[in-house]
Amino acid sequence: MKTLVTLTVNGEERSLAVEGYRSLLDTLREEAGLTGTKKGCDVGDCGACTVIVDGEPVNACLMLAVEAAGRDVRTVEGMQAGPDALHPLQEAFMEHGASQCGFCTPGILLMAQSLLERNPDPSDEEIRFGLSGNICRCTGYTKIFDAIRTAARRMAAPPADASGLEAAE
Amino acid sequence: MTRQDFRIVGQSVKRADVLEKVTGEGLYTGDYAPAGLLHGKIKRSEIAHARIVRIDASKALALPGVKAVLTHADVPRVLHYGSPHPRSASCTRDQYILDDKVRFWGEGVAAVAAISEEIADEALDLIEVEYEPLPAVCDIDAAQVPGAPLIHGVGPGGNLVIPPVHVERGNVEKGFAEADLILEGTFEGGRPVPTYMEPNVCIADWDGSNKLTFWTSTQSSFMVRGALAEVLGLPLNKVRVLVDHMGGGFGAKQDLFQHEFLCALLAKQTRRPVKMEFTRRETFVAGRSRHPFRLWLRQGFRKDGTLVARDMKLVFESGAYGSHSPGVTNVGTASATSLYACENVRLNGRAVYTNTPIAGAYRGYGVVQTYFAIDIQMDEAAERLGVDPAELKLKNAVRDGDIAPSGHPIIGDGLPACIREGITRFDWAAKRAQPREHPTNPAIRRGWGIGCEMHGSSAYPGIKEQGNATVKMNEDGSVTLLTGAAGLGTGAHTALAQIVAEELGVAFESVSVVHGDTDVVPWDIGAFASHTTYLVGSAAKMAAAKVRASVLRRGAERLQARVEDVDLVDGRVFLTANPEQGITVHEAMGPSRGIPAEHLIETASYMPTKSYSFAAHFVEVAVDTETGLVEVKHVLPVHDIGKVIHPIAAQGQIEGGIQQGIGHTLTEDYVIDRTNGRSLNAGLVDYKMPLSMDMPHIETVILEAAPDPGGPWGAKGVGEDPIIAIGPAIANAIHDAIGVRFHHYPITPEDVLKGLRAKEETTNAGL
Ligand code: FES
Ligand code: FES
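For the record, the sequence lines run as chains A and B. If you read the first sequence in full-length UniProt numbering, its first letter stands for residue 1, the second for the next number, and so on. If you read the second sequence in full-length UniProt numbering, its first letter stands for residue 1, the second for the next number, and so on.
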């Protein structure tokens with residue numbers, strides 16, 4: 001039996017017909033066509049499916065679509081401000097080589113975005129702790145930490161300075 | 001081979017594939033969903049060794065939504081290879097798609113296609129299987145006793161996968177007779193699994209002309225094509241294998257897996273596309289691990305530290321099928337001819353079947369195990385001889401002209417350079433002069449260790465490889481590189497594009513890469529053996545050079561100059577004597593009314609031998625003597641990889657390899673119950689990997705100390721090296737901290753506490 005679930009995905013209202021047992025992850029990937037969010041385990045162990053629901057990071061594989069009804073969901077597809085405007089985190093991940101195979105990347109980007117929203121100037125320890133539920137098997141994390149630090153710095157910098165940096169790149 | 005003025009090679013240009021990854025646009029196999037898609041699932045055995053006496057799928061077939069069920073009675077019975085290098089003489093044919101026998105707990109016995117995953121799962125429970133249990137052989141000792149139950153009827157006898165590998169050089173007995181110090185020990189290692197983040201996944205779809213289109217997350221798309229075609233009885237042009245982005249592989253995604261055949265057959269039977277996606281649990285149970293091993297090693301040294309003899313016996317546990325055991329056994333055994341030079345060696349390597357999950361290819365391919373033992377014993381020798389371990393390793397490190405495992409002379413002094421650089425940068429002597437006690441916490445002891453390795457870029461001589469590349473220049477001067485090399489996340493495509501741009505003389509941004517379609521791109525052996533940059537990079541450079549020559553010729557004509565008098569840099573052909581006078585490549589290509597003056601497409605093939613990369617890792621550990629916990633605090637890896645193409649990508653390989661290697665050494669072990677072959681920790685919580693909180697400070701140093709003439713501008717591989725050196729470095733550092741030697745991995749907190757207790761008892765007894 002399918003239910004119609006209405007939720008906001010990346011600022012857009014979507015009504016999706018889903019079975020009651022469908023996870024938010026499968027719903028985003030299969031019903032909403034948003035395959036950027038990845039499935040690394042489906043049981044809450046890897047963080048590849050991290051999305052932001054009402055401002056909080058959530059493992060989308062552990063949330064039912066029906067639980068997300070009426071809520072605000074953000075995924076990697078919604079990170080960019082515009083077609084040519086990468087989010088500072090996306091930009092920094094590219095520059096630092098923080099993504100190799102990239103399978104963990106959407107989840108880590110969302111987790112980092114949520115971290116920086118709550119704490120714009122995290123310490124190294126806070127970054128490590130913030131990512132403790134996200135498995136990356138390729139990078140050794142060092143470049144991910146670097147990228148998050150760089151993005152935090154740029155997001156905190158006054159706009160003129162930030163655009164200067166962009167221009168220099 | 002070398003030149004001074006690199007413009008693109010050596011720069012950490014932005015990777016095009018990463019742009020797609022950070023935006024979520026990059027498509028991985030599991031992201032495809034062709035219309036009418038069915039979902040496939042595999043029923044797995046719950047017994048390690050048995051004959052199937054009855055299998056009844058009728059109830060499953062009757063379930064609404066189930067479209068097909070396959071058992072061993074329904075699939076072609078073709079004996080095939082698990083390791084997809086069928087042309088290599090050393091591979092073992094020992095697998096059927098489905099058999100009437102099961103050889104490990106978790107082996108597939110039937111497959112279902114249904115309209116949803118849930119229905120497919122339900123159908124699996126409805127398949128009835130009756131087993132006649134056979135005695136299970138779940139460790140290498142049980143497999144080797146005379147009269148042990150046989151797991152296969154093939155092979156050289158007993159439970160051996162291949163005839164033992166024997167390598168002998170010099171005269172070992174004479175060497176030992178000259179030795180002042182002889183050390184002997186037995187080493188063992190567990191079962192680390194690669195744990196790539198993207199579970200194995202494939203989609204099969206047949207068209208009306210009986211052509212199979214097959215999306216799969218593989219490192220070796222042409223090997224998959226070859227094996228599928230062979231087993232399904234199709235010509236190669238009727239199998240099209242597609243792979244775009246991959247969520248890691250680390251070697252293991254070279255195999256052709258059982259589910260891939262089954263997916264193709266289910267799609268054929270239902271005439272609908274079928275997707276098969278592993279659960280995380282299946283990546284353990286039905287994936288591929290590193291080979292568990294036991295290694296006996298005896299080495300002789302002169303008083304002055306010279307290594308004079310090495311005798312080694314090595315046994316790898318292959319699990320239920322041969323997969324990569326022939327390669328791993330050959331490479332792992334032969335690697336002991338080298339690293340620390342020794343004229344007298346006698347090496348024996350074997351691989352045995354057991355009723356456990358399949359060991360396959362995994363980053364470090366047999367060398368991890370061998371060098372773990374050799375490097376630790378080197379450390380012991382230093383201790384016994386009263387010399388600094390780094391100095392002893394430096395003294396014996398292989399040098400230019402020494403014979404490599406491949407049988408060729410080593411080029412350059414890469415290993416000594418790494419050790420020397422590390423001694424300085426790590427401040428090795430000053431660090432080791434510090435007290436082992438922690439300044440503030442009495443429970444903690446600190447230690448410093450060094451581990452060394454070398455690894456070949458390419459699988460030569462086991463496989464005579466061939467790297468291919470096609471470079472096209474479009475009429476506007478933009479360039480397309482076609483390559484069969486997989487993009488498993490390393491940045492290989494970017495490195496190849498850099499090589500083409502550099503060689504051709506155009507901007508990096510004007511080169512795009514087409515890959516991942518066996519109908520379109522040149523044949524490729526697969527992305528493994530740390531060889532893509534070395535092997536395919538050389539082919540790409542050669543193809544680019546041919547295109548460059550044509551562009552220069554065209555440009556010279558247009559400039560009315562002799563071809564010797566023109567140059568091509570940054571997409572411009574100009575007079576060398578007067579650079580102002582020139583034209584763009586676009587103009588040189590002279591399209592008129594959209595038609596290029598010349599169709600420029602060039603292909604090159606490259607057959608390499610082998611080069612070796614080298615590394616020395618310096619680590620600091622902190623050992624908690626109350627809890628047994630070992631924390632890796634600092635790693636300084638020094639790698640010689642010849643010419644560096646993309647520094648950040650190379651560092652990324654090293655740092656990621658260290659992460660996996662720390663895991664293997666301290667926490668990671670996929671545990672099989674040795675009494676019945678059952679998996680005990682097939683999940684991400686119970687299989688413990690180092691995560692963000694566990695990673696040490698890593699200070700990567702890359703040297704271009706020993707460029708290899710066989711690679712583009714001297715470039716060599718880097719993918720596998722880091723995972724080899726880190727293990728012995730950590731084990732040696734633990735010994736430095738607490739005075740306890742460990743000859744196995746993982747070295748768990750329980751092991752540390754036990755070791756400390758045993759040491760205390762010996763000390764007390766001695767008093
Ligand atoms: S897929 Fe949700 S945590 Fe792994
Ligand atoms: S980049 Fe591959 S898992 Fe993180």
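Ideal Cβ positions, reconstructed from N, Cα and C, are used throughout, including at glycine.
Not one heavy atom of ligand 2 falls within 7 angstroms of the beta-carbon of B:M473.
Of all residues in the stretch 238 to 251 of chain B, the ones placed with a Cβ closer than 9 angstroms to any Cβ belonging to chain A are H245, M246, G247, G248, G249 and F250, in chain order. If only uninterrupted alpha helix (DSSP H) runs of at least 4 residues are considered, those enclosed by the stretch 218 to 279 of chain B are 221 to 232 and 258 to 270. One alpha carbon belongs to A:S114, the other to B:C263, and they sit about 39 angstroms apart. B:L98 and B:G82 do not touch by the CB rule: their CB atoms are close to 14 angstroms apart, not below 8 angstroms. Going by beta carbons, B:V368 and B:I724 fall inside the 8 angstroms limit. In this structure, DSSP gives B:H743 a state outside helix and strand, which the three-state scheme calls coil.
For A:G20, none of the residues of chain B pass the 7 angstroms Cβ criterion, the least Cβ distance being about 12 angstroms. Take the alpha-carbon of B:T23 and the one of B:E509: they are about 19 angstroms apart. Look at the beta carbons and you see the stretch 650 to 662 of chain B touching the stretch 85 to 103 of chain A: at least three pairs across the two are nearer than 8 angstroms. Classified as exposed, A:D124 has fewer than 16 neighbouring CB atoms from the shown chains inside 10 Å of its CB. Where B:E168 is concerned, the enclosing beta strand (DSSP E) starts and stops at V165 to R169.
Listed along the chain, the chain A residues whose CB falls inside 7 angstroms of the CB of B:A649 are G97. A Cβ-Cβ contact shorter than 8 angstroms links B:V241 with B:S221. Excluding sequence positions up to five before and after B:T370, its CB lies within less than 8 angstroms of the CB of L295, M312, L314, G332, T333, S335 and A336, all in the same chain and listed in chain order. Residues of the same chain with a CB within less than 6 angstroms of the CB of B:E503, apart from the 5 flanking positions on each side, are K541, A544 and A545 in chain order. The CB of B:R272 never comes closer than 9 angstroms to any CB in chain A; the least such distance is about 17 angstroms.
Annotation: the continuous beta strand (DSSP E) that includes B:E317 extends over L307 to G319. Beta-bridge pairing by DSSP links B:G582 to B:F574.
Chain-ordered, the chain B residues with CB closer than 7 angstroms to the CB of A:R128 read S692 and M693. With a cutoff of 7 angstroms, A:G40 counts as near ligand 1, since its C-beta is closer than that to a heavy atom of the ligand.
When secondary structure is reduced to three states using DSSP, B:G40 falls in the strand class. Within chain B, no C-beta atom comes nearer than 9 angstroms to that of A:I52; the closest sits roughly 14 angstroms away. Contacts between B:D99 and chain A, judged by CB atoms closer than 9 angstroms, are missing: the closest CB pair is about 29 angstroms apart. It is roughly 52 angstroms from the alpha-carbon of B:R51 to the alpha-carbon of B:H646. In the DSSP assignment, B:I702 falls within the unbroken beta strand (DSSP E) covering V701 to L703. In the three-state reduction of the DSSP assignment, B:K464 falls in the coil class.
In the pairwise beta carbon analysis, the stretch 265 to 281 of chain B is classified as not touching the stretch 133 to 150 of chain B: fewer than three pairs are separated by under 8 angstroms.
Distance from the CA of B:Q581 to the CA of B:L575, rounded to the nearest whole angstrom, comes to 6 angstroms. Taking 8 angstroms as the threshold, the shortest C-beta distance from A:V66 to chain B does not fall below it. Counting along the chain, A:F145 sits inside no beta strand (DSSP E); it lies in the alpha helix (DSSP H) bounded by residues T142 to A156. Relative to the non-hydrogen atoms of ligand 2, the Cβ of A:Q100 comes within a distance shorter than 7 angstroms of at least one.
For A:K2, DSSP records a beta bridge to A:E19. The alpha-carbon separation between B:I595 and B:V520 amounts to approximately 23 angstroms. The Cβ-Cβ distance between A:L131 and A:V76 does not fall below 8 angstroms.
Of the candidates B:R103, B:V623, B:P522 and B:E128, B:V623 places its Cα closest to the Cα of B:A733.
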